[in-house]
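Protein chains: 2
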Amino acid sequence: MNNFKFYNPVKIIFGKGTIAEVAKEVPAGARVLMTYGGGSIKKNGVYEQVMEALKEHTVFEFGGIEPNPHYETLMQAVELAKNEKIDFILSVGGGSVLDGTKFIAAAVVFDQGDPWRFLAEKAAVKLKGAIPFGAVLTLPATGSEMNSGAVITKVATKEKLTFGSPFTFPKFSVLDPETTFSLPPRQISNGIVDAFTHVMEQYLTYPVNAPLQDRIAEGVLLTLIEEGPKVMQNPSDYNAMGNFMWSATMALNGLLSAGVPTDWATHMIGHELTALHGIDHARTLAIVLPSLLRYKSETKKEKLLQYGARIWNITEGSEEERIEAAIQATVKFFNSLDIATTLHEYDVDRATITAIVERFQKRGVRNLGERADIQVEDVEKILEMSL
Amino acid sequence: MNNFKFYNPVKIIFGKGTIAEVAKEVPAGARVLMTYGGGSIKKNGVYEQVMEALKEHTVFEFGGIEPNPHYETLMQAVELAKNEKIDFILSVGGGSVLDGTKFIAAAVVFDQGDPWRFLAEKAAVKLKGAIPFGAVLTLPATGSEMNSGAVITKVATKEKLTFGSPFTFPKFSVLDPETTFSLPPRQISNGIVDAFTHVMEQYLTYPVNAPLQDRIAEGVLLTLIEEGPKVMQNPSDYNAMGNFMWSATMALNGLLSAGVPTDWATHMIGHELTALHGIDHARTLAIVLPSLLRYKSETKKEKLLQYGARIWNITEGSEEERIEAAIQATVKFFNSLDIATTLHEYDVDRATITAIVERFQKRGVRNLGERADIQVEDVEKILEMSL
Chain A
1 MNNFKFYNPV KIIFGKGTIA EVAKEVPAGA RVLMTYGGGS IKKNGVYEQV MEALKEHTVF
61 EFGGIEPNPH YETLMQAVEL AKNEKIDFIL SVGGGSVLDG TKFIAAAVVF DQGDPWRFLA
121 EKAAVKLKGA IPFGAVLTLP ATGSEMNSGA VITKVATKEK LTFGSPFTFP KFSVLDPETT
181 FSLPPRQISN GIVDAFTHVM EQYLTYPVNA PLQDRIAEGV LLTLIEEGPK VMQNPSDYNA
241 MGNFMWSATM ALNGLLSAGV PTDWATHMIG HELTALHGID HARTLAIVLP SLLRYKSETK
301 KEKLLQYGAR IWNITEGSEE ERIEAAIQAT VKFFNSLDIA TTLHEYDVDR ATITAIVERF
361 QKRGVRNLGE RADIQVEDVE KILEMSL
Chain B
1 MNNFKFYNPV KIIFGKGTIA EVAKEVPAGA RVLMTYGGGS IKKNGVYEQV MEALKEHTVF
61 EFGGIEPNPH YETLMQAVEL AKNEKIDFIL SVGGGSVLDG TKFIAAAVVF DQGDPWRFLA
121 EKAAVKLKGA IPFGAVLTLP ATGSEMNSGA VITKVATKEK LTFGSPFTFP KFSVLDPETT
181 FSLPPRQISN GIVDAFTHVM EQYLTYPVNA PLQDRIAEGV LLTLIEEGPK VMQNPSDYNA
241 MGNFMWSATM ALNGLLSAGV PTDWATHMIG HELTALHGID HARTLAIVLP SLLRYKSETK
301 KEKLLQYGAR IWNITEGSEE ERIEAAIQAT VKFFNSLDIA TTLHEYDVDR ATITAIVERF
361 QKRGVRNLGE RADIQVEDVE KILEMSL
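Note that the protein sequences, when read in sequence, are chains A and B. Residue numbering for the first sequence follows the UniProt record's numbering, beginning at 1 and increasing consecutively. Residue numbering for the second sequence follows the UniProt record's numbering, beginning at 1 and increasing consecutively.
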């Protein structure tokens, strides 16, 4: 096992009826900015539950945070938060609203110029603080509810960049599976694939003698494979949705990556497909992951074989055959959730690959993957395998 | 899955050479009380590493904290900490030193009379704070390094009681497997059984449709079964010791019990055997657990069958046979670590059972176990099965 640090101070409040707990978790007397997305929370009863919980607080609202939240939109919320002297933000929505909220919370107190700097100039610009915030999660997927990271898109430049800091952990996250019952199938399937790929980025690398981390990762994968189809079939299945929700949270709270190498190349490449074509984040992962696993099957051999055996019961055939069978099982699982895994199914052609290569070259992106051996020319080949 | 709250703000610093990190983690200018046990840290190089890390700090020492730390001993440290205006405590040792440190940290600022009250009068006396503390762990076992609980023994009354509060999480815990290389086999085997039983208390209950929690628990059990014999054979096997150490931490950091019922009757009963006879904590668990599982095999049936199948590959025979085989496999595992599982092997006879029954009756102990259905007469029968 590699040396590691693990720190995660997010309080998780899980289960039905728990939105009421927000009343106690938000500091008394706080001026609260409630952030949300397209307004589904006003149709499914979540808005009313949150407002009831915050009835003793002064509440401002900022809605309209879009999927892959936009810097341009969020800067309006920053302006509002400054003007209204907001001292707590409550994110009510999915991972995009929460990622956007992390940005707002950090940007409000940022005093080193344009807040985009803490994404675009990570090496030079360190965050020194953020106003506190909490979350009511309505969409299991990104894991943002139990980590300090966020992904923000700048429309003007079609850039999709990440940031994170010890100041951007939610103080609490309320996970009530009942808030997700009205989700459309597309968002549920995206969530399953997103969580699944988060695990793969931290698990499907190379062995470092970390059997417990492996088993926890495999536990999340198996649970997603078992519970995913149930929630697709019946989004009001409380138990299945709860298990999916907790799996998505555990998939990216830092535990799986403690002491092991991580890949994240699939995400880095996938972000470009979203930035250029607006393809749902999870779907970009489903496009990239199988090709990346095939392309790196030699350096990922041991883990691919273990993954095949423990997750898909693939134990027969040559190593090559077992690896290919494991990747095909993954594709089949994604397809079973109505998630296409090739670029042409999203009407994306060779020209986009050229564009991504150019963007990576321009930004100096290099040394991706757990062995830092994926270069721009490898990205090109991986994407060609996904055509 | 049941509703739950999970909160664990302990920073884990894991790996070889990490004691040096203490320098940065202890607040600059703090007056530090370093607590330790019988002095083994002065023979294995840990003391020197800690002192080197604290060379910029003002350090006081309090050694001699015994296994099952004594209230009487700890009160001397409380006196010292008050006199010297200590504002940070660093526990250097195993779970007993750390449990004792939690008591000291809380007792120093306790203003409601005798600190024993926050153990003996839990319902009435709430902690309002504690001075901050961190840990350098030298013995994987109790999980105290990543939770807020502690067990303290009052010699005068032969009482062994627990306490815990949101104020008694360590600020950080340094887990360097190399600090454990000089442990005697007895402490290693105790640690394995302690961690194993911690998992069983949270896993071997009844199913509530929480497949991820089950799989994480099973992952810890399997890792302990695999790595335990390796560390017994070679305590300097860094990888095996590291995996054991991380498993012991994960066994009791709150994750396994999130959303599921928990038992803890084995611990409640075992504490009495330590209080009355000084039997090592882990050994009392090894005495009680098999009998308790047999005695409650009807209400624990589903989980016993799952445990047998997933941990010991027991899939043949009637339900009754499979359950008995799973319990026997557990006993065999304990015995393989040189841990005896019957009272007579510890020279304890029927009179002790009578004494425990009387103590439980006097303290009004009742409704133990995940179904709150273990009464004093059941405790008597369970202990009789362990004679």
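C-beta: ideal position from N, C-alpha, C; glycine also. What you are looking at is a predicted structure, and each value in this text was computed from that prediction instead of being measured.
{"Check": "Measure how close the beta-carbons of valine 151 of chain B and threonine 168 of chain B come, nearest whole angstrom, since I'm counting them as under 8 angstroms.", "Outcome": "Not quite, the Cβ-Cβ distance comes to about 12 angstroms (not below 8 angstroms), so this is no contact."}
{"Check": "Between the beta-carbon of asparagine 190 of chain B and the beta-carbon of alanine 282 of chain B, is there less than 8 angstroms?", "Outcome": "yes"}
{"Check": "Using a Cβ-Cβ cut-off of less than 7 angstroms, give me the residues of the segment 122 to 155 of chain A that come near chain B, in sequence order.", "Outcome": "none"}
{"Check": "I want to verify the contact list: residues of chain B whose CB lies under 7 angstroms from the CB of valine 220 of chain A, in sequence order.", "Outcome": "Leu212"}
{"Check": "Could you tell me whether the segment 246 to 263 of chain A touches the segment 359 to 376 of chain A, using the rule of 3 or more Cβ pairs below 8 angstroms?", "Outcome": "yes"}
{"Check": "Just by C-beta distance, which residues in the segment 3 to 35 of chain A are closer than 9 angstroms to chain B?", "Outcome": "Asn3, Phe4, Lys5, Phe6, Tyr7, Asn8, Pro9, Val10, Lys11, Ile12, Ile13, Phe14, Gly15, Lys16, Gly17, Thr18, Glu21"}
{"Check": "Per the DSSP calculation, valine 92 of chain A is bridged to which residue(s)?", "Outcome": "A/Val136"}
{"Check": "In whole angstroms, what separates the C-alpha of proline 235 of chain B from that of methionine 241 of chain B?", "Outcome": "7 angstroms"}
{"Check": "To the nearest angstrom, how far is the alpha carbon of methionine 250 of chain A from that of alanine 217 of chain A?", "Outcome": "9 angstroms"}
{"Check": "What number of angstroms, rounded off, separates the C-alpha of glutamate 321 of chain A from the C-alpha of glutamate 384 of chain A?", "Outcome": "22 angstroms"}
{"Check": "For glutamate 201 of chain B, which three-state DSSP category applies?", "Outcome": "helix"}
{"Check": "Which chain B residues are close to methionine 250 of chain A, counting only those with a beta carbon under 7 angstroms from its beta carbon?", "Outcome": "Leu212"}
{"Check": "Look up lysine 85 of chain B in the DSSP assignment and say whether it is helix, strand or coil.", "Outcome": "coil"}
{"Check": "So what does threonine 35 of chain A bridge to, in DSSP terms?", "Outcome": "A/Phe62, A/Ser91"}
{"Check": "Should proline 69 of chain B and threonine 179 of chain B be called a contact, given that it needs their Cβ atoms to be closer than 8 angstroms?", "Outcome": "no"}
{"Check": "How would you call proline 290 of chain B, buried or exposed, if buried means at least 16 neighbouring beta carbons within 10 angstroms?", "Outcome": "buried"}
{"Check": "With H, G and I counted as helix, E and B as strand and the rest as coil, what does DSSP make of lysine 171 of chain B?", "Outcome": "coil"}
{"Check": "Just reading off the alpha helix (DSSP H) that glutamate 316 of chain B is part of, what are its end residues?", "Outcome": "Note, glutamate 316 of chain B: premise wrong, no alpha helix (DSSP H); not H, not E."}
{"Check": "Could you check what DSSP says for alanine 265 of chain A in three-state terms: helix, strand or coil?", "Outcome": "helix"}
{"Check": "May I ask you to list, following chain order, the residues of the segment 246 to 275 of chain B that have a beta carbon less than 9 angstroms from some beta carbon of chain A?", "Outcome": "Trp246, Ser247, Met250, Leu255, Ala258, Gly259"}
{"Check": "Would you kindly report the start and end of the unbroken beta strand (DSSP E) that includes isoleucine 12 of chain B?", "Outcome": "11 to 14"}
{"Check": "Drop a sphere of 10 angstroms on the beta-carbon of histidine 344 of chain A, count the other beta-carbons inside from all chains shown, and report buried for 16 or more, exposed for fewer.", "Outcome": "exposed"}
{"Check": "Beta strand (DSSP E) containing lysine 154 of chain A: first to last residue?", "Outcome": "149 to 154"}
{"Check": "Buried or exposed: which applies to arginine 350 of chain A, given that a residue is buried once 16 or more other Cβ atoms fall within 10 Å of its Cβ?", "Outcome": "exposed"}
{"Check": "Tell me, please, whether the CB atom of asparagine 83 of chain B is closer than 8 angstroms to any CB atom in chain A?", "Outcome": "no"}
{"Check": "Specify the secondary structure class of isoleucine 374 of chain B as computed by DSSP and reduced to three states.", "Outcome": "strand"}
{"Check": "With a cut-off of 8 angstroms, does the C-beta of threonine 341 of chain B fall near any C-beta of chain A?", "Outcome": "no"}
{"Check": "Is there a Cβ of chain B sitting closer than 8 angstroms to that of glutamate 302 of chain A, yes or no?", "Outcome": "no"}
{"Check": "Give a yes or no on whether 8 angstroms exceeds the smallest Cβ distance from isoleucine 216 of chain A to chain B.", "Outcome": "yes"}
{"Check": "How is the alpha helix (DSSP H) around lysine 160 of chain A delimited, first residue to last?", "Outcome": "Careful: lysine 160 of chain A lies outside any alpha helix (DSSP H), inside the beta strand (DSSP E) at 159 to 164."}
{"Check": "I want to verify the contact list: residues of chain A whose CB lies under 8 angstroms from the CB of methionine 1 of chain B, in sequence order.", "Outcome": "Phe14, Gly15, Asn239, Gly242, Asn243, Trp246"}
{"Check": "Which bits of chain A does glutamate 226 of chain B rub up against, with CB to CB less than 7 angstroms?", "Outcome": "Pro211"}
{"Check": "Please list the residues of the segment 185 to 199 of chain A that have a C-beta atom closer than 8 angstroms to any C-beta atom in chain B, keeping them in chain order.", "Outcome": "none"}
{"Check": "For valine 288 of chain B, does the count of other Cβ atoms within 10 angstroms reach 16, so buried, or fall short, so exposed?", "Outcome": "buried"}
{"Check": "Which whole-angstrom value is the C-beta distance of threonine 58 of chain B and arginine 31 of chain B, which I expect to be below 8 angstroms?", "Outcome": "5 angstroms"}
{"Check": "Using a Cβ cut-off of 8 angstroms (strictly closer), state whether threonine 284 of chain B contacts chain A.", "Outcome": "no"}
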